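Asks: Residue numbers (the working numbering): 376 to 531.
Note that CB positions come from ideal geometry on N, CA and C, so glycine has one too.
The structure displayed is predicted, hence computed values, not measured ones.
Pasting in a structure now, in structure tokens, and then I'll have a few things to ask.
Structure (structure tokens):
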């Protein structure tokens, strides 16, 4: 290969490389920069469309999760339509400071008028009464959900 052709290829490669770098920088700047005319969404401006699906609160059934035993005994967690995560992680819905609880221990998911309990691969297991949860299982009102040293119940 001639020296001239090699030099031209090097220059073209450098131009393509710098074009790529500038394109990436401009995309990142555009994504990080909010538009000048954007205004924060305040409660007065937030559109609230009615939900086509009724919430669990409006249905017959349970509407709160109560911690009946453990460090947080007496704590009431209101139930809605969003899943609830239980574990030691600070971003869990219910944070349990217990050596027997995994970072993400269990998940409660609404399913119609019922709540499904799913073990998230915890080391010490999730228990309903004296049965270990291995698959998503319906948690009924009055049954005790045991995670580590903490017991929880669904109530109305």
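In whole angstroms, what is the alpha-carbon distance linking residue 472 and residue 456?
Replies: Here residue 472 refers to the residue found at position 97 when the chain shown is read from its first residue. Here residue 456 refers to the residue found at position 81 when the chain shown is read from its first residue. Each residue's Cα considered, the two are about 25 Å apart.
Asks: Who does residue 486 pair with in a DSSP beta bridge?
Replies: Translated into positions along the chain shown, residue 486 becomes position 111. Paired residue(s): 489.
Asks: Which residues does DSSP list as the beta-bridge partners of residue 516?
Replies: Start at 1 with the first residue of the chain shown, and residue 516 comes out as number 141. Bridge partners of residue 516: none, in fact.
Asks: In terms of DSSP beta bridges, what is residue 462 paired with?
Replies: Stepping through the chain shown from its first residue, residue 462 is reached at position 87. DSSP, once it has assigned bridges, lists 470 as partnering residue 462.
Asks: Can you give the Cα-Cα distance for residue 484 and residue 478, rounded to whole angstroms?
Replies: In the chain shown, residue 484 corresponds to position 109, counting from 1. In the chain shown, residue 478 corresponds to position 103, counting from 1. Near 18 Å, if we compare the C-alpha coordinates of residue 478 and residue 484.
Asks: Using the C-alpha atoms, what's the distance from residue 459 back to residue 525?
Replies: Position 150 of the chain shown holds residue 525. Position 84 of the chain shown holds residue 459. Their Cα atoms are separated by approximately 16 Å.
Asks: Out of curiosity, what's the CA-to-CA distance linking residue 521 and residue 461?
Replies: Within the chain shown, numbered from 1, the residue matching residue 521 stands at position 146. Within the chain shown, numbered from 1, the residue matching residue 461 stands at position 86. The alpha-carbon atoms of residue 521 and residue 461 are separated by roughly 11 Å.
Asks: With distances taken Cα to Cα, identify the nearest neighbour of residue 474 among 379, 527, 497 and 390.
Replies: In the chain shown, the residue the question calls residue 474 occupies position 99. Here the closest residue by C-alpha is 497.
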